[in-house]
Amino acid sequence: MSRITYREACRQAIRAALLADPRCFVMGEDVGRYGGCYAVTKGLLEEFGPQRIRDTPLAENGIAGAGVGAALAGLRPIVEIMTCNFSLLALDQIMNNAASLSHMSGGQFAVPLVIRMATGGGRQLAAQHSHSLEGWYAHIPGLKVLVPATVEDARHMLAAALADPNPVLIFEHIVLYNAEGELDDTVTAVDIAHAKVRRSGSDISLVSYGNSLPKCLAAAEQLAGEGIQADVIDLRVLRPLDGATIIESVRRTHRCLIVDEGWRSGSISAEIAARLADEALYELDAPVRRVCSAEVPVPYAAQMEAAALPQVADIVAAARALLRPAG
Amino acid sequence: MSDKLHLDRASLHQLYRQMLRIRNFEARCVELYQAQQIRGFLHLYDGQEAVAVGVTSALRDGDAVLATYREHGHALAKGVPMDTLMAEMLGKQQGCCRGRGGSMHIFDQPRRFYGGNAIVGGGLPLAVGIAMADQQLRPGAVTVCFFGEGAVAEGAFHESLNLAALWRLPLLFVCENNLYAMGVPLAESDAQPEVYRKAEAYRVTAAQVDGMDPVQVAAAASLAIAELRAGHGPWLLECRTYRYRAHSMFDTQAYRSKDEVEQWRQQDPIARLQQWLLANQQISPEEVGRIDADIRAEIDAAVAFAEAGTPEPLAELTRFVLMDSVVQEQAP
């Protein structure tokens with residue numbers, strides 16, 4: 054076991070990928086000299102040179118499209134988009150080309166492209182750097198959407214994504230970069246198909262991902278003090294969604310609270326709630342509840358930002374209300 | 303016809319034959335559209351054939367091509383077989399894309415034909431990436447990206463020229479300037495309507511050529527592609543051309559006069575090349591007749607192949623959304 058930060062786990066993953074495959078390269082804004090907007094690629098330019106750690110101009114659509122083309126023609130690009138907020142400038146290439154080409158061409162082309170982007174709020178970066186758009190991307194057939202929440206997933210999901218023949222988006226939460234965790238050195242690979250139970254309990258399922266996972270784990274700890282045992286599911290992959298693991302948990306707990314840093318309306322949490330209604334309605338002893346971000350552009354001021362994002366206290370309160378309804 | 307490039311008789315015949323194949327293939331597509339065997343949008347290349355044919359005449363098999371939603375001509379010129387192309391037009395599973403793409407999304411992996419892109423400017427960033435990969439994996443190969451003058455107003459055009467120039471990519475941008483983006487004349491959409499001059503801002507070598515003259519296009523493309531193969535890319539060619547028909551099958555054409563269309567028809571690349579070849583004893587009337595008959599037979603066979611084709615079974619609807627199950631080794 055070694056204790057490392059999520060950022061360092063991301064960096065080690067990229068370095069290992071570059072060492073493992075000469076076709077692999079990194080391309081993005083400030084990935085080289087600057088070392089990455091969130092310092093994930095620090096030191097890699099010095100080690101691998103400018104052909105494989107390619108600084109690009111500010112041209113998100115061009116960069117994403119170039120990544121698609123490079124993947125089509127045999128390379129294994131890792132494209133970094135600074136934050137998912139900027140990825141909207143690249144949405145045309147991500148959706149109309151990366152996600153569509155395989156099906157549209159009748160299976161002639163695979164697009165083994167990986168796009169990494171930072172997501173989420175909590176560092177007072179205001180509305181244009183704090184949103185959580187992974188749920189949007191999970192709407193699009195042809196993509197895979199990964200949301201690593203642990204150092205293990207940050208360290209190992211990238212290799213699985215690069216080995217995948219499909220375009221894979223990896224959303225790294227900005228608050229998690231500084232988080233530390235124990236990395237089990239005996240684990241050398243993870244799957245990118247399944248959710249995981251991060252804490253077992255029999256009273257309520259807390260379903261979340263990304264930076265909401267540590268919040269759910271903290272809430273579960275508090276709830277345990279009150280005699281409520283929470284089953285904490287880390288979704289890990291938003292598309293394809295592992296409904297079976299969620300339903301298996303709900304069969305044990307009969308109550309479900311979904312925690313999603315995306316906005317509530319039309320979110321991945323809405324999709325999960327709908328699936329539970331479709332496939333596990335009679336397992337439920339109470340309505341499915343959700344803790345999501347307030348439906349506002351995330352504000353700068355600390356108290357307003359905190360109020361906009363899911364917090365541990367919100368999760369605890371919602372869980373409590375599910376188990377011990379007032380009146 | 304230009305004399306900048308020495309073309310032998312066989313090469314001239316090939317230019318003529320390829321342009322006529324495209325023209326007549328599309329004429330048959332119009333009939334099939336009217337018979338409702340081809341549906342959806344159908345954007346004809348009628349009038350612009352010299353551009354695709356002239357440029358691709360300078361290519362080798364391993365080179366890559368990207369085009370727009372008006373791409374039947376580029377596909378045929380790049381070697382996509384007419385029968386699988388026609389089957390695609392008819393939405394049959396024997397089509398090059400199993401009938402999933404249709405007229406606007408022709409792809410052919412073995413021939414390195416990467417679409418068929420119906421987002422204006424959508425192919426340009428892809429071309430940058432393909433040229434990047436080729437620079438590393440297939441030295442000497444070049445990528446050609448065709449787009450209309452409407453695309454030069456898109457950000458993707460500017461991002462792509464800049465990236466290609468920064469990285470000295472073996473990439474030829476070919477702007478098919480047919481003067482109208484749907485109904486908007488270039489002068490009303492671009493403050494600088496001389497498209498080739500935009501390349502200068504990105505230090506991309508550029509030239510403007512008569513896109514109604516296949517020999518001039520071929521000469522310019524040969525020069526540009528030789529430069530690309532020598533590592534002196536990227537280049538941009540602006541080919542001044544004209545589409546005789548509507549943007550898609552039908553529009554009011556209120557944006558231009560009949561006289562204007564007629565004037566451009568007087569410069570028709572196929573008729574002019576045929577006249578020149580006959581006048582200079584480079585082709586005999588019998589050879590003209592034989593080429594015509596060969597093409598007719600090829601088109602008849604393609605239509606027969608397409609009509610005999612079958613619809614893709616509904617069970618395949620979601621196949622290839624993800625490629626997990628497909629053994630896919632895109633070996634360099």
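If you read the sequences in order, they're chains C and S. Note that this note's numbering has the first sequence beginning at 54, numbered continuously upward. Note that this note's numbering has the second sequence beginning at 303, numbered continuously upward. Built from N, CA and C at the ideal position, the CB exists for glycine as well.
Member of the options whose CA lies at the smallest distance from the CA of residue i
i                  : options                                       : result
Phe-607 of chain S : S:Met-391, S:Val-454, S:Met-625 and S:Gly-364 : S:Met-391
Ala-213 of chain C : C:Arg-176, C:Ala-171, C:Ser-302 and C:Val-243 : C:Val-243
Ala-352 of chain S : S:Ala-573, S:Gly-452 and S:Gly-364            : S:Ala-573
Ile-131 of chain C : C:Phe-78, C:Phe-101 and C:Val-250             : C:Phe-78
Asn-149 of chain C : S:Leu-428, S:Glu-600, S:Gln-395 and S:Ser-586 : S:Leu-428
Gly-397 of chain S : C:Gly-159, C:Gln-104 and C:Gln-146            : C:Gly-159
Arg-308 of chain C : C:Thr-241, C:Phe-101, C:Met-135 and C:Arg-377 : C:Arg-377
Asp-295 of chain C : C:Ala-355, C:Lys-197, C:Ala-179 and C:Gln-146 : C:Lys-197
Leu-166 of chain C : C:Ala-202, C:Ala-272, C:Ser-183 and C:Glu-133 : C:Glu-133
Pro-363 of chain C : C:Ser-346, C:Arg-373 and C:Asp-287            : C:Ser-346
Pro-220 of chain C : S:Asp-310, S:Glu-461, S:Met-625 and S:Ala-312 : S:Met-625
Ala-92 of chain C  : C:Leu-71, C:Glu-113, C:Ile-67 and C:Ala-191   : C:Ile-67
Gln-4 of chain C   : C:Leu-270, C:Gln-181, C:Gly-174 and C:Thr-306 : Because chain C spans 54 through 380 in this model, residue 4 of chain C falls outside it and cannot be assessed.
Glu-540 of chain S : S:His-374, S:Tyr-498 and S:Ile-597            : S:Tyr-498
Val-603 of chain S : S:Ser-405, S:Val-444, S:Pro-383 and S:Glu-478 : Per the sequence shown, residue 603 of chain S should be read as Ala rather than Val. Closest option to Ala-603 of chain S, Cα to Cα, is S:Pro-383.
Glu-490 of chain S : S:Gln-316, S:Lys-560, S:Val-517 and S:Val-454 : S:Val-454
Tyr-546 of chain S : S:Ala-509, S:Asp-310 and S:Arg-325            : S:Arg-325
Ala-191 of chain C : C:Gly-315, C:His-226, C:Ala-70 and C:Val-351  : C:Gly-315
DSSP beta-bridge partners of residue i
i                  : result
Ile-311 of chain C : C:Val-260 and C:Arg-343
Ser-586 of chain S : None, per the DSSP bridge assignment.
His-168 of chain C : According to the sequence displayed, residue 168 of chain C carries Ile and not His. C:Val-132 and C:Leu-222.
Asp-108 of chain C : C:Gly-81
Arg-56 of chain C  : C:Glu-235
Asp-410 of chain S : S:Phe-415
Asn-479 of chain S : S:Arg-542
Lys-197 of chain C : C:Val-221
Per-residue DSSP class, three states only, for residue i
i                  : result
Gln-632 of chain S : Unreliable placement is indicated for Gln-632 of chain S, whose pLDDT of 43 sits below 50; the coordinate value is still reported in the next sentence. Coil.
Gly-457 of chain S : helix
Asp-331 of chain C : helix
Glu-77 of chain C  : Reading off the sequence, residue 77 of chain C comes out as Cys, not Glu. DSSP places Cys-77 of chain C in strand when its eight states are reduced to three.
Thr-136 of chain C : strand
Met-484 of chain S : coil
Gln-565 of chain S : helix
Arg-400 of chain S : coil
Gln-576 of chain S : helix
Ile-281 of chain C : coil
Asp-287 of chain C : strand
Ala-360 of chain S : coil
Lys-249 of chain C : strand
Arg-292 of chain C : strand
Val-367 of chain S : strand
Arg-373 of chain C : helix
Val-349 of chain C : coil
Asp-305 of chain S : In this prediction, Asp-305 of chain S scores a pLDDT of 42, lower than 50, which makes its location untrustworthy; no coordinate-derived value is stated.
Cys-63 of chain C  : helix
Trp-189 of chain C : helix
Val-240 of chain C : coil
Val-93 of chain C  : coil
Gly-450 of chain S : strand
Thr-46 of chain C  : The question about residue 46 of chain C has no answer, for chain C in this structure spans 54 to 380.
Leu-346 of chain S : coil
Leu-211 of chain C : helix
Thr-620 of chain S : coil
Thr-306 of chain C : helix
8 Å contact criterion, which residue i and residue j should meet: CB distance rounded
i                  : j                  : result
Ala-360 of chain S : Phe-415 of chain S : Not quite, the Cβ-Cβ distance comes to about 16 Å (not below 8 Å), so this is no contact.
Ile-257 of chain C : Ala-283 of chain C : 5 Å
Cys-673 of chain S : Phe-409 of chain S : No statement about residue 673 of chain S is possible, as the shown extent of chain S runs from 303 to 634 and does not include it.
Tyr-262 of chain C : Leu-229 of chain C : With a Cβ gap of about 11 Å, Tyr-262 of chain C and Leu-229 of chain C do not count as contacting.
Gly-195 of chain C : Ser-153 of chain C : 6 Å
Met-434 of chain S : Ala-360 of chain C : Not quite, the Cβ-Cβ distance comes to about 45 Å (not below 8 Å), so this is no contact.
Asp-313 of chain C : Ser-265 of chain C : 7 Å
Ala-366 of chain S : Ala-420 of chain S : No, Ala-366 of chain S and Ala-420 of chain S are not in contact; Cβ-Cβ is about 19 Å, not under 8 Å.
Leu-199 of chain C : Phe-224 of chain C : 7 Å
Gly-115 of chain C : Glu-461 of chain S : 3 Å
Any non-hydrogen atom of the ligand COA closer than 7 Å to residue i Cβ
i                  : result
Thr-241 of chain C : Summarising the ligand content, the structure contains no ligands, and the ligand COA is consequently not present.
Task: Unbroken stretches of the alpha helix (DSSP H), 4 residues or longer, contained in the region 497-563 of chain S - done: 497-502 and 516-531
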